[in-house]
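*Asks:* Dumping the structure here so I can ask a few things about it.
Protein chains in written order, with our numbering: chain A, 1 to 309; chain B, 1001 to 1263.
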């Protein structure tokens, strides 16, 4: 080949382009698989948007977003979504208060302190925790957590936000711990050694080098956990009650956006009525909120990302 | 001169080696990495540890500031004395050891923070907050980096070149005002120009600090160090003044190694 003229070389390669039909079939099959999830998401968005649009022909956006009374199924009807948003936020705030610090602490313990033996036990247990069906958590809240809370605060209602918050926090805890663990592990050993060599204690190395260096991953895991908590349905439906209420008292019964959707979906509300369309409006709002959270998580990841060799 | 106990002590301290290794053996599990090494590190001198890959020279170096503590299966026997105090006694806090005996690693490992914060990090965790600016400047000057970074102290350390990053890591170690600086092949990731700068810097640092350097570059050991220890398979083959080790080695293996016949 080395002494062949350019024309010779060209003639050897030209004419070899054939139609590889197998390749083509595979390419199309793979493309269809990839497009499936995108198409599904898009069609959900379209359905939500159109149904919500019909709802907003009857009820103004302002009344929906700013109204403080949510009684779409009772007369006099009122379509202010704030009590549901408030219920959801109450659950999320409670769950975040527990799950975020405990999750991060778990990851720090597993990654920086735990001997391999402990790690090899705790890690699988966490994964099992993540695999428990959410309805079990709901039941657990109702039959175990609520009586416990009532034994401490006797005035607690049977259905209450605190109980649901606690089980939702248990539910998202493995996710926080596992994602934080991953991002802590991505911090190179050489950084830790550099810090130790300056006479730092384990605690200082962790809090002042390792966690800051993995901040993007930690924050992203927090945001993902929050958006999971916002969307959580089963446990809050079972444990938190069905009383849309503007309250910050976790011992009272409330209703979240998701629980409301369940209530209407399972109830005898006639399809096509304004009452029925409320669930699309609520779902659209829910979708917007979680979408925004994911965008924030993405931004945070990009903004604070440290690239290690 | 009037007799004071302090003056007396000072003289004896100056004669005493700053680090003394006595029959040191380090094992990973049952596998010995360093065997029965005894040697003395002279104060304000540069001691180099040379030897072929896997001879245990890094393990030996890391024993000097208890960095092997992080390897669960590593264990050490024998004694290491730092200014007469046992490095591995029950009462010795490894955290204190590392404040006195700093370390610079093979690859530059600055924290993902600003240049300033990197240097200020060590002092700040140890509670020195007053005069931190001065301390940072002094350390950067001693590490011969000040001129290059003075106008961008708050830029990220990762914006520096490899050689600058390594000098930053040296400045970071100096900010703790240690007595001894351990260097684990500090130039192995650097180009020849950056290497030369670090070697020049070592001559400067020698005026105040004791340096122990592990290197697989024999020319570097010959150029910079006052004393050289040659390690092979975990055993100390020869230890002496660098001139002697390189020009009149007492052992055949040393001669073969320093003349480049193996390793």
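Idealized CB from N, CA, C, for every residue including glycine.
Output needed in chain order: residues of the region 189-208 of chain A with a Cβ under 7 Å from some Cβ in chain B.
*Replies:* Answer set for the region 189-208 of chain A: 190, 191, 193, 194, 196, 197, 198, 199, 200, 201, 204, 208.
*Asks:* Pick out whichever of A:165, A:49, A:120, A:56 has its Cα sitting closest to the Cα of residue 94 (chain A).
*Replies:* Selected option, being the one with the closest Cα: A:165.
*Asks:* Quick one: give me the first and last residue of the beta strand (DSSP E) that residue 1237 (chain B) is part of.
*Replies:* First-last of the beta strand (DSSP E) with residue 1237 (chain B): 1235-1241.
*Asks:* Which residues in chain B sit within 8 Å of residue 213 (chain A), going by Cβ to Cβ distance?
*Replies:* 1111, 1112, listed in chain order.
*Asks:* State the Cα-Cα distance for the pair residue 1077 (chain B) and residue 1098 (chain B), rounded to the nearest angstrom.
*Replies:* If you take the alpha carbons of residue 1077 (chain B) and residue 1098 (chain B), they lie about 19 Å apart.
*Asks:* Quick check: the region 1047-1064 of chain B against the region 1178-1197 of chain B, are there 3 or more CB pairs under 8 Å?
*Replies:* Because the criterion of three Cβ pairs below 8 Å is met, the region 1047-1064 of chain B and the region 1178-1197 of chain B touch.
*Asks:* Just mark residue 1011 (chain B) as buried or exposed, buried being the case when its beta carbon has 16 or more other beta carbons within 10 Å.
*Replies:* Unreliable placement is indicated for residue 1011 (chain B), whose pLDDT of 41 sits below 50; no coordinate value is reported for it.
*Asks:* Relative to the C-alpha of residue 1018 (chain B), which candidate in B:1030, B:1230, B:1211 has its C-alpha closest?
*Replies:* Residue 1018 (chain B) has its Cα closest to that of B:1211, out of B:1030, B:1230, B:1211.
*Asks:* Hey, quick one: how far does the beta strand (DSSP E) through residue 1230 (chain B) stretch, first residue to last?
*Replies:* Counting along the chain, the beta strand (DSSP E) containing residue 1230 (chain B) begins and ends at 1227-1232.
*Asks:* Decide if the region 1020-1034 of chain B is in contact with the region 1066-1081 of chain B; the criterion is three or more beta carbon pairs, one per stretch, under 8 Å apart.
*Replies:* Contact holds: three or more Cβ-Cβ distances are below 8 Å.
*Asks:* In chain A, which residues lie with their C-beta within 9 Å of the C-beta of residue 1169 (chain B)?
*Replies:* Near residue 1169 (chain B) (Cβ distances below 9 Å), the residues of chain A are 194.
*Asks:* Identify the contact partners of residue 1176 (chain B) in chain A, using a Cβ-Cβ distance below 7 Å as the criterion.
*Replies:* The answer, in chain order, is 198, 199.
*Asks:* For residue 1016 (chain B), which three-state DSSP category applies?
*Replies:* Coil.
*Asks:* When the Cα of residue 1204 (chain B) is compared with those of B:1216, B:1192, B:1225, which residue comes out closest?
*Replies:* When only C-alpha atoms are compared, the closest one is B:1225.
*Asks:* I'd like the span of the beta strand (DSSP E) that includes residue 1034 (chain B), first residue to last.
*Replies:* Element bounds for residue 1034 (chain B): 1031-1041.
*Asks:* Just the Cα atoms here: how many angstroms apart are residue 184 (chain A) and residue 114 (chain A)?
*Replies:* The straight-line gap from Cα to Cα measures roughly 14 Å.
*Asks:* Would you list the residues sitting across from residue 1102 (chain B) in a DSSP beta bridge?
*Replies:* Its beta-bridge partners are B:1181.
*Asks:* Residue 1153 (chain B) by DSSP, collapsed to three states: which one?
*Replies:* Residue 1153 (chain B) falls in the coil class under three-state DSSP.
*Asks:* So which of A:274, A:254, A:291, A:92 has the shortest CA-CA distance to residue 64 (chain A)?
*Replies:* Of A:274, A:254, A:291, A:92, the residue nearest in Cα terms is A:274.
*Asks:* Taking C-beta pairs closer than 8 Å, name the residues in chain A that residue 1096 (chain B) reaches, listed in chain order.
*Replies:* Near residue 1096 (chain B) (Cβ distances below 8 Å), the residues of chain A are 199.
*Asks:* According to DSSP, is residue 1079 (chain B) helix, strand or coil?
*Replies:* Correct three-state label for residue 1079 (chain B): strand.
*Asks:* Looking at chain A, which residues of the region 1117-1129 of chain B have a Cβ within less than 7 Å of any of its Cβ atoms?
*Replies:* Taking 7 Å as the Cβ-Cβ cut-off against chain A, the residues of the region 1117-1129 of chain B that qualify are 1121, 1122, 1125, 1126.
*Asks:* Report the option in A:32, A:282, A:253, A:38 whose CA atom is closest to the CA atom of residue 262 (chain A).
*Replies:* Of the listed residues, the one whose Cα sits closest to residue 262 (chain A) is A:282.
*Asks:* List the whole-angstrom C-beta distance separating residue 1254 (chain B) from residue 1048 (chain B), where the pair is believed to meet the contact cut-off of C-beta under 8 Å.
*Replies:* Going by Cβ atoms, the distance from residue 1254 (chain B) to residue 1048 (chain B) rounds to 13 Å, so no, they are not a contact pair.
*Asks:* Is it true that the CB of residue 234 (chain A) sits closer than 8 Å to the CB of residue 131 (chain A)?
*Replies:* No, Cβ-Cβ distance for residue 131 (chain A) and residue 234 (chain A) is not below 8 Å.
*Asks:* Given this structure, state the Cα-to-Cα distance separating residue 86 (chain A) from residue 157 (chain A), to the nearest angstrom.
*Replies:* Looking at the two C-alpha atoms, the distance is approximately 18 Å.
*Asks:* At 3 residues or longer, and completely inside the region 153-213 of chain A: list those beta strand (DSSP E) runs for me, N to C.
*Replies:* The region 153-213 of chain A contains no whole beta strand (DSSP E) run of 3 or more residues.
*Asks:* Can you tell which of B:1050, B:1033, B:1045 has its C-alpha closest to the C-alpha of residue 1239 (chain B)?
*Replies:* It is B:1050 whose Cα lies nearest to the Cα of residue 1239 (chain B).
*Asks:* Hey, which unbroken runs of the beta strand (DSSP E) at 3 residues or more fall wholly within the region 277-304 of chain A?
*Replies:* Whole beta strand (DSSP E) segments, 3+ residues: zero.
*Asks:* Of the residues that make up the region 1189-1210 of chain B, which ones have a beta carbon closer than 8 Å to any beta carbon in chain A?
*Replies:* Listed in sequence order: no entries.
*Asks:* Check whether the region 213-225 of chain A touches the region 164-183 of chain A, counting contact only when three or more Cβ pairs, one atom from each stretch, lie closer than 8 Å.
*Replies:* Yes: at least three Cβ pairs fall under 8 Å.
*Asks:* With distances taken from CA atoms, which of A:57, A:296, A:266, A:208 is nearest residue 1112 (chain B)?
*Replies:* Taking only the C-alpha atoms, the option nearest residue 1112 (chain B) is A:208.
*Asks:* Against chain A, does residue 1068 (chain B) count as a neighbour if the rule is that its beta carbon must be under 8 Å from one of theirs?
*Replies:* With 8 Å as the cut-off, residue 1068 (chain B) does not count as an interface residue toward chain A.
*Asks:* How many angstroms separate the CA atom of residue 1108 (chain B) from the CA atom of residue 1089 (chain B)?
*Replies:* Going from the Cα of residue 1108 (chain B) to the Cα of residue 1089 (chain B) covers about 31 Å.
*Asks:* Identify which residue in A:178, A:134, A:77, A:90 has its Cα closest to the Cα of residue 108 (chain A).
*Replies:* The shortest Cα separation from residue 108 (chain A) among A:178, A:134, A:77, A:90 belongs to A:178.
*Asks:* With residue 1059 (chain B) as the anchor, note down where its alpha helix (DSSP H) starts and where it stops.
*Replies:* Note, residue 1059 (chain B): alpha helix (DSSP H), 1057-1063.
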